[in-house]
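J.: Handing you this structure, nothing more for now.
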């Protein structure tokens, strides 16, 4: 549905955000970059609970919801799909980041999840993660690598994707149930986003 220029009420108990899709057709990072000392990246087969724990750990400050509200069967099926890759970033033994690459659409890869815990930001980790994501994505037969971000994400997300070589191509409005009201996230998380029951 195409909206006309106007202001719209958001249903009670919901959050609205502007989602921007960005894409690239060739990598800007031709090779991987080394990770900071003590940080490693491992391609893993994640179980449901490990995935959800890491998803919540990274995404709670930005109200990430999909991996929590999708059914166990839906998440498990995606985790088991051979066309979806998961890279977990570790500092020592602690998981601090996640990259999810979705190759389920022929000729394309979607960077479904890309994030790190807030305490890991500002240490040069993002560039190494993006170099890994791009080299893994374009190692396959794809012509489009795309990602979505929204204004609920970290303020540095959009500038980071632009600097990494992505170009904005589409904008949409998303409305979803506030995950703090249904127990998926603590009620005091993401205080910069007002919670309106």
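Numbering (my numbering), first residue to last: 1 to 197.
Quick reminder that beta carbons are idealized off the backbone N, C-alpha and C, glycines included.
Here the structure is a predicted model, which means the values were calculated and not measured.
#1: For the pair the segment 91-108 and the segment 131-142, tell me if three or more CB-CB distances fall below 8 Å.
#2: Taking the straight line between their C-alpha atoms, what separation do you get for residue 139 and residue 12?
#3: Tell me whether residue 180 is buried or exposed, calling it buried when 16 or more other Cβ atoms sit within 10 Å of its Cβ.
#4: Suppose only complete runs of 3+ residues qualify. What are the beta strand (DSSP E) ranges in the segment 14-86, listed by chain order?
#5: Quick check on the DSSP output: what are the complete alpha helix (DSSP H) runs of length 4 or more inside the segment 149-191, in order along the chain?
#6: If you follow the alpha helix (DSSP H) that residue 114 is part of, which residue opens it and which one closes it?
#7: Determine the extent of the alpha helix (DSSP H) in which residue 92 is found, giving its start and end residues.
#8: DSSP state of residue 125, grouped into three classes?
#9: Rounded to the nearest angstrom, what separates residue 136 and residue 16 at their Cα positions?
#10: Quick test of your reading: residue 24 and residue 145, contact by CB under 8 Å. State the CB separation rounded to the nearest angstrom.
#11: Can you give me the C-alpha to C-alpha distance between residue 79 and residue 57, rounded to a whole angstrom?
T.: Checking against the coordinates, here is how it stands:
#1: yes
#2: As a working mapping, residue 139 is identified with position 139 in the chain shown. As a working mapping, residue 12 is identified with position 12 in the chain shown. Spanning the two alpha carbons is a distance of roughly 45 Å.
#3: The residue given as residue 180 occupies position 180 in the chain shown. Buried, because 16 or more other Cβ atoms sit within 10 Å of the Cβ of residue 180.
#4: Along the length of the segment 14-86, whole beta strand (DSSP E) runs at least 3 residues long occupy 14-24, 39-43, reported in chain order.
#5: 157-163
#6: Stepping through the chain shown from its first residue, residue 114 is reached at position 114. No alpha helix (DSSP H) holds residue 114; the beta strand (DSSP E) holding it covers 108-116.
#7: Position 92 of the chain shown, counted from the first residue, corresponds to residue 92. That residue, residue 92, is in no alpha helix (DSSP H); it is neither H nor E in DSSP.
#8: Here residue 125 refers to the residue found at position 125 of the chain shown. Residue 125: helix per DSSP, three-state reduction.
#9: As a first step, residue 136 is located in the chain shown; it is residue number 136 there, counting from the start. As a first step, residue 16 is located in the chain shown; it is residue number 16 there, counting from the start. Straight-line Cα distance between these residues: approximately 32 Å.
#10: Taking the first residue of the chain shown as 1, we reach residue 24 at position 24. Taking the first residue of the chain shown as 1, we reach residue 145 at position 145. Here residue 24 really is in contact with residue 145; their C-beta atoms are around 5 Å apart, less than 8 Å.
#11: As a position in the chain shown, residue 79 is number 79, starting the count at 1. As a position in the chain shown, residue 57 is number 57, starting the count at 1. Taking the straight line joining both Cα atoms gives about 18 Å.
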